[in-house]
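Q:
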Amino acid sequence: MRKIGSLLFALLAITFIIGTTSCSKEKRTQNKISGKWDIEKSTYKITEGNTVIDEETIMHNPGDYIEFNKDGSYEAVIDGDSESGTYKIIGDDQIQIDNEDIATIEKLSNSELTLYNQYTEQDWLYENRIYLTK
Numbered sequence: 471m472r473k474i475g476s477l478l479f480a481l482l483a484i485t486f487i488i489g490t491t492s493c494s495k496e497k498r499t500q501n502k503i504s505g506k507w508d509i510e511k512s513t514y515k516i517t518e519g520n521t522v523i524d525e526e527t528i529m530h531n532p533g534d535y536i537e538f539n540k541d542g543s544y545e546a547v548i549d550g551d552s553e554s555g556t557y558k559i560i561g562d563d564q565i566q567i568d569n570e571d572i573a574t575i576e577k578l579s580n581s582e583l584t585l586y587n588q589y590t591e592q593d594w595l596y597e598n599r600i601y602l603t604k
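Residue numbers (the working numbering): 471 to 604.
1) Give me the Cβ distance between G555 and I567, rounded to the nearest whole Å; I'm assuming they're in contact under 8 angstroms.
2) When the Cα atoms are used, what is the spatial distance from V522 to F538?
3) In chain order, what residues of the same chain lie with their CB nearer than 8 angstroms to the CB of T491, ignoring the 5 residues before and after it?
4) In the DSSP assignment, what are the bridge partners of I600?
5) Since E510 and Y601 should fall inside the 8 angstroms C-beta cutoff, what is the C-beta to C-beta distance between them, to a whole number of angstroms?
6) Using the DSSP secondary-structure output, state which residues sit across from G555 in a beta bridge.
7) Which residue from L595, N580, T603, Y596 puts its Cα closest to that of N501?
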């Protein structure tokens, strides 16, 4: 009986440690991502197999930005149009926007943020990167 109690305690302790570590990673990432980021440029690439169908780099206007608030909300202004919604950090390297799109956080420092996402539609692969600075 003592072995079962010890084993149960060990499992609960491990579950707590893993849960706490995961939460702290997400919290650290959320704290670092919070704030106003200027959108510098976006890149788009469409491929079919090994063939590039289209590729483009868009330099954004000086007033374009996205602001991530610590409460999980965001506000973005692009070309004078504003949008707001919610975001959620997943682990320490992904962000989900409006419970839909998930992007990988490729780079996150105090002054730079790069987000990447991709999706497939029929045989075409769409890749997007957004480069932001503080």
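By construction, the Cβ of each residue, glycine as well, lies at the ideal position given by its N, Cα and C atoms. It should be emphasised that the depicted structure is a prediction, and the values quoted were computed from it without experimental measurement.
A: Inspection of the coordinates gives the following:
1) Your pair G555 and I567 checks out as a contact, with CB atoms roughly 7 angstroms apart and the cut at 8 angstroms.
2) 33 angstroms
3) Any reading at T491 must be qualified, since the residue scores a pLDDT of 46, below 50, and its modelled position is unreliable; the value itself is stated next. Hits under 8 angstroms: none found.
4) S512, L585
5) Contact between E510 and Y601 holds: CB atoms are separated by about 5 angstroms, below the 8 angstroms threshold.
6) Y544
7) Cα-wise, what sits closest to N501 is N580.
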